[in-house]
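There are 2 protein chains.
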Amino acid sequence: MTKKGDQTRSKILDEATRVFNRKGFAATSVNDILKASGTTKGNLYFHFSNKGEIGLEVLKREKQAFISFLDDVLNEGSPGQGLDNFFKAALEKHRQQDFIGGCIFGNTALEASDTSPELAAFVASVFDDWVTKIAQNVELAQRAGQIRKDVPARDLAEMIVSTVEGGIMQTRLLKSEKPLQHSLNTLQKILELRV
Amino acid sequence: MTKKGDQTRSKILDEATRVFNRKGFAATSVNDILKASGTTKGNLYFHFSNKGEIGLEVLKREKQAFISFLDDVLNEGSPGQGLDNFFKAALEKHRQQDFIGGCIFGNTALEASDTSPELAAFVASVFDDWVTKIAQNVELAQRAGQIRKDVPARDLAEMIVSTVEGGIMQTRLLKSEKPLQHSLNTLQKILELRV
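In the order they appear, the protein sequences are chains A and B. Each residue of the first sequence is one higher than the one before, starting from 17 at the first, in the numbering used here. Each residue of the second sequence is one higher than the one before, starting from 17 at the first, in the numbering used here.
Below you can see the structure in the form of structure tokens.
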């Protein structure tokens, strides 16, 4: 693909990401994406065959960015420090976006679960990788005596991911960091996380 | 209103609830509701002025049912038993609906947060009442020695609600009870809940 073609494709995906986050996947039309990206219909359909394909490409890019974000924060410092970095970075991310948009994986989970099996399967793989990465840190932190050991690492990791997603949901609803911040503080306390 | 008018109104709200749960609020059109309820356009617009009004009425009915469900489960047995009832009943509710639809308040939270201030404010009031009711049980359970006392009741209640919502999201995504069940089991263990 030409350099200009690549740029157009990226621009469409950038703007589609923004519109999906704000309005949701189902409520977004191809016309919304055209308008936001300033692209012609011909250009858009040269790159993508339909909205579903744009949705999947957006999720693939977001997954890549999210996994690399996770690797960065979880691997900086000790395993317990990595978990603390993750909590702080999650809160900071939503603060920076003014609590608008929420988590694209959580949003798509709710939107696609009963209607778009392909998107749902992709998002399920994101949650699985996410839980696995958190579980690895939890296990190392348990061995290092930085977190309670009486509950298996994978169980704690599943609960951490559930709590973060539920906290993001309420923080987005209230446009305030409090629900997420409180849930994360309590989580740290009852996990007995020491950094 | 005549008895028949009441029945039509109820029927529209029943079917709208089902369609909203499955497709989401934004992706549902008034035509979808007409088709699902077998009502004429004239009849629907006699009862409701637009889709937003139907959405708010649906949420009001669901809130009433949810609060009465909460009162029932939380007040049966000791305060700790009430919390255990709530966890079991939440899992059972989603099992019975084959993990389709999820939680209408969580769904609306994600859909309406950035687009429908009136619906968002209403859902925020549901979360607030929910947290308050759980916190009351937690506080009583703490006094009765049925739950850990080193974290304030309201903080534990906020984390419980976040965990339940995140668990429902993943359970709906995977069409399996495991994510919610695991998160609730872990929650009970680290809350040191004794019934």
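Positions of the beta carbon are idealized from the N, C-alpha and C atoms, including for glycine.
What residue does the alpha helix (DSSP H) around residue i start on, and which one ends it?
{"i": "Ala125 (chain A)", "result": "Ile120 to Ala128"}
{"i": "Phe115 (chain B)", "result": "Unbroken run through Phe115 (chain B): none, as it is neither H nor E."}
{"i": "Glu92 (chain A)", "result": "Glu92 (chain A) -> no alpha helix (DSSP H), and no H or E assigned at all."}
{"i": "Ile176 (chain B)", "result": "Ala169 to Leu190"}
{"i": "Val139 (chain A)", "result": "Pro133 to Arg159"}
{"i": "Leu196 (chain B)", "result": "Lys194 to Leu207"}
For the candidate residues the options, whose alpha-carbon lies nearest to that of residue i?
{"i": "Leu207 (chain A)", "options": "A:Val147, A:Gln113, A:Ala157 and A:Asn123", "result": "A:Ala157"}
{"i": "Gly117 (chain B)", "options": "B:Met185, B:Thr148, B:Phe62 and B:His63", "result": "B:Met185"}
{"i": "Lys76 (chain A)", "options": "A:Ser45, A:Glu92 and A:Val139", "result": "A:Val139"}
{"i": "Asp130 (chain B)", "options": "A:Asp100, A:Leu190 and A:Gly54", "result": "A:Leu190"}
{"i": "Phe226 (chain B)", "options": "B:Ala169, B:Ser192, B:Asp144 and B:Val167", "result": "Nothing about residue 226 (chain B) can be read from this structure; chain B reaches only from 17 to 211."}
{"i": "Asp87 (chain A)", "options": "A:Asp30, A:Phe115 and A:Gln152", "result": "A:Gln152"}
{"i": "Val142 (chain A)", "options": "A:Arg170, A:His63 and A:Val177", "result": "A:Val177"}
{"i": "Phe115 (chain A)", "options": "A:Glu92, A:Lys194, A:Pro168 and A:Phe85", "result": "A:Lys194"}
{"i": "Thr124 (chain A)", "options": "A:Gly21, A:Asn201, A:Thr33 and A:Asp22", "result": "A:Thr33"}
{"i": "Ser26 (chain B)", "options": "B:Ala128, B:Asp100 and B:His63", "result": "B:His63"}
{"i": "Ala169 (chain A)", "options": "A:Pro133, A:Ala105, A:Leu99 and A:Ser132", "result": "A:Leu99"}
{"i": "Gly58 (chain B)", "options": "B:Glu92, B:Thr44 and B:Gly21", "result": "B:Gly21"}
Would you please state the rounded distance, in angstroms, between the beta carbons of residue i and residue j? I believe it to be under 8 angstroms.
{"i": "Ser65 (chain A)", "j": "Gln162 (chain A)", "result": "Their Cβ separation, rounded to whole angstroms, is 49 angstroms, which puts Ser65 (chain A) and Gln162 (chain A) out of contact at 8 angstroms."}
{"i": "Leu196 (chain A)", "j": "Leu60 (chain A)", "result": "Actually they are not in contact, since the Cβ atoms of Leu196 (chain A) and Leu60 (chain A) sit about 35 angstroms apart, beyond 8 angstroms."}
{"i": "Gly71 (chain B)", "j": "Leu126 (chain B)", "result": "Going by Cβ atoms, the distance from Gly71 (chain B) to Leu126 (chain B) rounds to 14 angstroms, so no, they are not a contact pair."}
{"i": "Ala42 (chain A)", "j": "Ala160 (chain B)", "result": "So it is not a contact: roughly 46 angstroms between Cβ atoms."}
{"i": "Ile120 (chain B)", "j": "Asn37 (chain B)", "result": "6 angstroms"}
{"i": "Ser192 (chain A)", "j": "Glu174 (chain B)", "result": "No, Ser192 (chain A) and Glu174 (chain B) are not in contact; Cβ-Cβ is about 12 angstroms, not under 8 angstroms."}
{"i": "Glu31 (chain B)", "j": "Ile49 (chain B)", "result": "6 angstroms"}
Are the CB atoms of residue j and residue i within a distance shorter than 7 angstroms?
{"i": "Thr179 (chain A)", "j": "Leu209 (chain A)", "result": "no"}
{"i": "Val74 (chain A)", "j": "Ala52 (chain A)", "result": "no"}
{"i": "Val147 (chain A)", "j": "Leu172 (chain A)", "result": "no"}
{"i": "Val211 (chain A)", "j": "Gln97 (chain A)", "result": "yes"}
{"i": "Leu90 (chain A)", "j": "Phe103 (chain A)", "result": "no"}
{"i": "His110 (chain A)", "j": "Thr24 (chain A)", "result": "no"}
{"i": "Val46 (chain A)", "j": "Lys19 (chain A)", "result": "no"}
{"i": "Thr55 (chain B)", "j": "Ile28 (chain B)", "result": "yes"}
{"i": "Gly40 (chain B)", "j": "Gly182 (chain A)", "result": "no"}
{"i": "Lys79 (chain B)", "j": "Val167 (chain A)", "result": "no"}
Practice prompt. Enumerate, from N- to C-terminal direction, the unbroken alpha helix (DSSP H) stretches of 4 or more residues contained entirely within the stretch 30 to 63 of chain A.
Written response: 46 to 53 and 57 to 63, all fully within the stretch 30 to 63 of chain A.
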